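Be aware that the sequence shown starts at 1, since it is given in full-length UniProt numbering, and climbs by one per residue.
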Amino acid sequence: MSPLIYILEPFGGSTREHSPALPMLFWDDAAVTRGDGVFESIRIVAGTPVNLDRHLARFIRSATLLGLPAPNPDHWATATREAAEKWASLHGDGEAACTWTMSRGRASRPDIPSTWLVVKPLSEEILRQHAEGVKVLTGPRGYQLTKPAPWSITGAKTLAYAENMAALRYARSRGFDDVIFTDGEQVLEGATSTIITVRGNKIRTPQPGAEVLAGTTQALLFKRALKAGWNCREKPMYYGDLLKADQVWLVSSTRGAVRVTQLDDAPLKSRGDLDTVRELLGR
């Protein structure tokens, strides 16, 4: 299936569809030359974007942290709904993934950001992980944050994912599917996901902050779980907590909830109802 690409005019509010067979970025765009920009990934189900308000809020926050113009939420929401509806009309009511991107734009025109969205099908690998679970390698992120600098963009979902992708390639070369970053014994986050543990009636996630990006999918899960009577908390999490948990999950917008079946060399035997987390997320 070919993706749907929509170019959004950053200030005027217009949107146009772009052919995936044609180029769309200039050679000096900051997305390519610097990784200078922000993005969001949104789940599409039956032609409808899921958790849209939380993604809009984080997208705006990320852009603000990078000193980019604040995205117009109505413009992005309208374009996303239009793209999602067209995708469903072409391919049916199954799931798809939508990615928003805003870069600082061309070096010759840094006052005009480049903005676009893409809707595409879920990959076979995502479908496999969703069905079978994942084997996870833990390890340090590769750098440590002490006191953030005044120019720090910690908390922004930026295009600079090279470190995370390198970690994933390393893990996969050793027979693992994914990575959980740690700082000593403290658990931080997945390479592209938020960590969730279930133990009894308690659902826990690492506290977001300097080294942990606040997760939109985790926030949706907690909102629904609290209404259903679960005890949900953000708190510091440690390696031993993963081993003691009834279930360990990686949650993200595109993959939903993926169960961790192995942590380093230790198989994880999940206990309890394995459908609960996915049912709370609607997948």
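Note that beta-carbon positions come from the ideal geometry of N, C-alpha and C, so glycine has one too. A quick note: this is a predicted structure, and the numbers were derived from the prediction, not measured.
Contact under 8 Å by Cβ, residue i with residue j
i, j, result
"residue 77", "residue 90", "no"
"residue 44", "residue 100", "no"
"residue 71", "residue 102", "yes"
"residue 131", "residue 41", "no"
"residue 32", "residue 68", "no"
"residue 268", "residue 258", "no"
"residue 136", "residue 181", "no"
"residue 25", "residue 114", "yes"
"residue 260", "residue 248", "yes"
"residue 253", "residue 197", "no"
"residue 210", "residue 280", "no"
"residue 204", "residue 246", "no"
"residue 138", "residue 239", "yes"
"residue 83", "residue 119", "yes"
"residue 2", "residue 157", "no"
Simplified DSSP state of residue i, which is helix, strand or coil
i, result
"residue 23", "coil"
"residue 112", "coil"
"residue 188", "strand"
"residue 160", "coil"
"residue 86", "helix"
"residue 271", "coil"
"residue 171", "helix"
"residue 266", "strand"
"residue 69", "coil"
"residue 81", "helix"
Beta-carbon separation (whole angstroms), residue i vs residue j, contact threshold 8 Å
i, j, result
"residue 7", "residue 116", "5 Å"
"residue 213", "residue 35", "Residue 213 to residue 35, Cβ: 16 Å. No contact."
"residue 207", "residue 235", "6 Å"
"residue 49", "residue 81", "6 Å"
Enclosing alpha helix (DSSP H) for residue i [first to last residue]
i, result
"residue 62", "52-65"
"residue 131", "124-132"
"residue 279", "276-281"
Host beta strand (DSSP E) of residue i (start-end)
i, result
"residue 254", "Taken as a continuous stretch (DSSP letters only), residue 254 belongs to no beta strand (DSSP E), as it is neither H nor E."
"residue 30", "First-last for residue 30: 30-33, but that is the alpha helix (DSSP H), not the beta strand (DSSP E)."
"residue 102", "95-103"
"residue 178", "178-183"
"residue 40", "37-45"
"residue 16", "15-18"
Every unbroken alpha helix (DSSP H) within the region 194-241, with a cutoff of 4 residues, ordered by chain: The region 194-241 contains these whole alpha helix (DSSP H) runs: 216-227.
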